[in-house]
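Numbering (my numbering), first residue to last: 1364 to 1647.
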């Protein structure tokens, strides 16, 4: 159970159990209950903005190349700092390498089910992924679930942390609309968590996870992130999370129902997903 969720269960007004006793029962540190973490410095935030831009342009750059790219832009920065900030941002280079996953060793990793699979209809396979969204004085994380066949974004959610809850919120919203046969993700800790996999197993959805070192398993959603950032995020410079939520929501509506895709025969993802004729009005 995530620490954030357990902390939310603490009742400071409980007459029967003290805060100390509640912390002991939930396996929490009492001092941690009152700790307010300091956010990244203004200097780190500026570096993170540049890392986000560079990663979007060259997601195959590892730490050394990313460091060199920032140094060419005039920054005095070393590998250790770049590595630390990339971890904060949840970014990993998408080239073959050992230990690609950030999943916990105690969590189950499921096999990759898409090898040689012919994907020929909506709701056959969904994919899910998380990306970093920069704000003017901070950052947030975005998760989306996409239908592989049509490229339709079924649901999405924003969060200021990488706790699993926002992924579950997006998953529950998606399953309220349809049920895929398979959901494919990377081996990140959110997607190997018992809460995520348990919800899929309960819904009788097959779980597929990218193999370590596989470059193109989630390529469609990586392209989605690139389009979102170049066409929306970098142009708007969101001030706060509500600004980002409003802008991203409008862009996803445009993407699903008005943005034509050459790979879809110049139809929209919504037209393919709902099997409607071009030009027909869709209800989003």
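Where is the CB? At the ideal position from N, CA and C, for every residue including glycine.
Check your understanding: CB-CB under 6 Å to residue 1507, same chain, minus the five flanking residues each way: which ones, in chain order?
Key -> 1516, 1519
Check your understanding: Over what stretch of residues does the beta strand (DSSP E) that includes residue 1453 continue unbroken?
Key -> Neither: residue 1453 is in no beta strand (DSSP E) and is coded neither H nor E.
**Study point:** Distance CB(residue 1510)-CB(residue 1636) smaller than 8 Å
**Key:** Yes, Cβ-Cβ distance for residue 1510 and residue 1636 is below 8 Å.
**Study point:** Buried/exposed call for residue 1650, threshold 16 Cβ in 10 Å
**Key:** This structure does not reach residue 1650, given that the chain is present from 1364 up to 1647, and the question cannot be answered.
Check your understanding: How close, in whole Å, do the beta carbons of residue 1541 and residue 1522 come, if the pair is a contact with beta carbons under 8 Å?
Key -> About 23 Å; that fails the 8 Å criterion.
Point to revise | Under the three-state DSSP convention, the category residue 1518 falls into | key: Three-state result, residue 1518: strand.
Practice item. Rounded to whole angstroms, what's the CA-CA distance from residue 1416 to residue 1539? Just pull it up for me. Key: In this model, residue 1416 and residue 1539 are separated by some 34 Å (Cα to Cα).
Practice item. On the DSSP bridge assignment, give the partners of residue 1571 in chain order. Key: BP columns for residue 1571 point to 1547.
Point to revise | residue 1548 and residue 1490 closer than 8 Å at C-beta | key: yes
Review point. I think residue 1485 touches residue 1529, with their Cβ atoms under 8 Å apart; what is that distance to the nearest whole Å?
Key: About 25 Å separates the beta carbons of residue 1485 and residue 1529, which is beyond the 8 Å limit, so they are not a contact pair.
Exercise for review: Please work out which residues of its chain come closer than 6 Å, Cβ to Cβ, to residue 1420, disregarding the five sequence neighbours upstream and downstream, and give them in chain order.
Suggested key: none
Practice item. Could you tell me which residues DSSP pairs with residue 1490 in its beta bridges? Key: 1509, 1547
**Study point:** residue 1439 to residue 1452 span [Cα, whole Å]
**Key:** Taking the straight line from one Cα to the other gives about 20 Å.
Exercise for review: Identify, in the order they occur along the chain, each residue of the same chain with its Cβ nearer than 7 Å to the Cβ of residue 1558, setting aside the five sequence neighbours on each side.
Suggested key: Within the same chain, residue 1558 has close Cβ partners 1527, 1531.
Exercise for review: With distances taken Cα to Cα, identify the nearest neighbour of residue 1454 among 1514, 1406, 1525.
Suggested key: 1525
Review point. Which residues in the same chain have their Cβ closer than 8 Å to the Cβ of residue 1593, if we skip the five residues on either side of it in sequence?
Key: 1419
Review point. For residue 1615, is the classification buried or exposed, using 16 other Cβ atoms within 10 angstroms of its Cβ as the cut-off for buried?
Key: It counts as buried.
Practice item. Measure the alpha-carbon distance for residue 1434 versus residue 1409 and round it to whole angstroms. Key: 14 Å
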